[in-house]
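First residue of the sequence shown: 170, per our numbering; consecutive thereafter.
Virtual Cβ for every residue (Gly too), placed ideally from N, Cα, C.
Here the structure comes first, spelled out in structure tokens, and everything after it is commentary.
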Amino acid sequence: MKKNTRFALFATLYMAQGAVMGYFTSLNALYLKTYGLGLDQIGLIGSIAMIPFVLKIFFGLLSDKVNFFHLGNRKPYILIGLSAQIIGLLLVIFINPAKHFALFALDAFFLMAGMALYDTCTDGLALDTTAPEDEGRIQGIMVAGRAMGMILISGVLGLLVDVIGWHAGFLALAALTVVPIPMVLQAQEAEKPVDKQFNWSAFKEFKKWSIIALGLLGALYSLIINGTSQLVNPFLEQKFSISYTTAGIVSSVLGIGIVVGSLTGGRLVDHIGQKKSVQLSLLVTMLAVGALCLIATPLVAWILVFVFGVAFGLYETVYFAIAMRETNVSIAATMFSILMAVANLGTGIGLALSGSLAEGLGYKATFLILALMNLLAIPLLPAIFGKKKAAS
């Protein structure tokens, strides 16, 4: 497969993921509030939906070890995951979350399990086929693709909800998930060379304190940016009584910021090194999250939401690029999925924590707490990089 075609495949797959993930982190709160659910219940749904991402290790192990009926280690699982996401989105239309809270949570779990499966195997495919010099670039493209999904669906979703209803929005999400399927079907998966085949001994990597610290950094950054993202639209709704259309536009502005931050982050890793990129990312994130407290007018809101988006994309891309470089190729999908599972555990905690804090302390105090939590990353950096990696 040609390089540009391969990049387009990854961008499209992540666009499908970004659309649904953008809904869960930005618009699901508004949907559930229409049924009278509180922020604590909304946070619980978000946490349940993120459980499959914590369990990604099993998807990674399956993908690394089992060639699905000799059809490949990645491609068949990607198709299964996309199909599960489509089915889950269609089922949402028929479930009233106020009357059937547990059923809605179960469907959210199933839907996100499909996403976690194809996300894990897409990462594995990228790890299998990406040269070291393209790692920053490919992660920038993937994060940007996810953000583009957020932009496309958020702008359309709010309008569809206002004009037609939420069911139209879920149908649009399902339709966007269909888009990458033809490209996946056309993709050819090469046989793994011997030196990249599954090897149990590679799991000794997880004994290294540098890898443990990297996982903790992933959980922390993910807790902060996704916990903050969940609160942006409810905060603006409370302050300015925004419509669903406006909420969708807000999410699109956030997504544009993520695209800018992700493409910048990929280049940063290549030009200033991993350690400096992380230091810059946590500083920018701390300032961007804290600055959300300063929103007093709609104009300021647009600017600061965009800035937060830049911080979001920057931090995520830098972390993914570092995790990609630290991954052992013989357990590529498994090791990367474990690092991502720890990060997604942080997301699950962040969604529940930010919802509870906002319910009890208010939005501004919660933004300040989340901003200051960036300081917890500082003690982890020496362990991750050490003296030998200080300049990398």
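A straight line joining the alpha-carbon of residue 306 with that of residue 205 spans about 43 Å. If you ignore the 5 residues before and after residue 303, its C-beta comes within less than 6 Å of no other C-beta in its own chain. From the listed residues 406, 290, 415, the smallest Cα separation to residue 233 is found for 290. Cβ-Cβ distances below 7 Å link residue 482 to 312, 316, 426, 427, 428, 429, 430, 431, 434 in the same chain, with the five nearest sequence neighbours on each side left out; the list follows chain order.
A residue is called buried when at least 16 other Cβ atoms come within 10 angstroms of its Cβ; residue 357 does not meet this threshold and is exposed. Residue burial annotation: residue 209 is exposed, with fewer than 16 other C-beta atoms found within 10 angstroms of its C-beta.
The Cβ atoms of residue 246 and residue 182 do not sit closer than 9 Å to each other. Straight-line measurement puts the Cα of residue 491 at about 12 Å from the Cα of residue 497.
When the Cα atoms are used, residue 513 and residue 449 turn out to be separated by approximately 22 Å. Around residue 241, the same chain offers 358 as residues with beta carbons nearer than 7 Å, after the five sequence neighbours per side are excluded.
When DSSP states are grouped into helix, strand and coil, residue 298 belongs to the helix group.
Here residue 410 is exposed: its Cβ has fewer than 16 other Cβ atoms, across all protein chains shown, within 10 Å. DSSP places residue 413 inside the alpha helix (DSSP H), whose first and last residues are 413-441.
Nearest to residue 271 by alpha-carbon distance, out of 188, 218, 318, is 218. Of the residues assessed, residue 441 falls on the exposed side of the cut-off, its CB having fewer than 16 other CB atoms within 10 angstroms. Per DSSP, the continuous alpha helix (DSSP H) segment holding residue 469 begins and ends at 467-495.
Only residues of its own chain outside the window of five on either side were considered, and among them 389, 392, 393 have a CB closer than 8 Å to the CB of residue 542, listed in chain order.
Fewer than three Cβ pairs drawn from the region 511-526 and the region 455-465 lie within less than 8 Å of each other, which leaves the two stretches out of contact. Ranked by Cα distance from residue 278, the first of 457, 320, 215 is 215. Going by beta carbons, residue 225 and residue 507 fall inside the 9 Å limit. Taking each of 406, 383, 421, 500 in turn and checking the Cα distance to residue 489, the smallest one comes out for 383. Boundaries of the alpha helix (DSSP H) around residue 536: 532-541.
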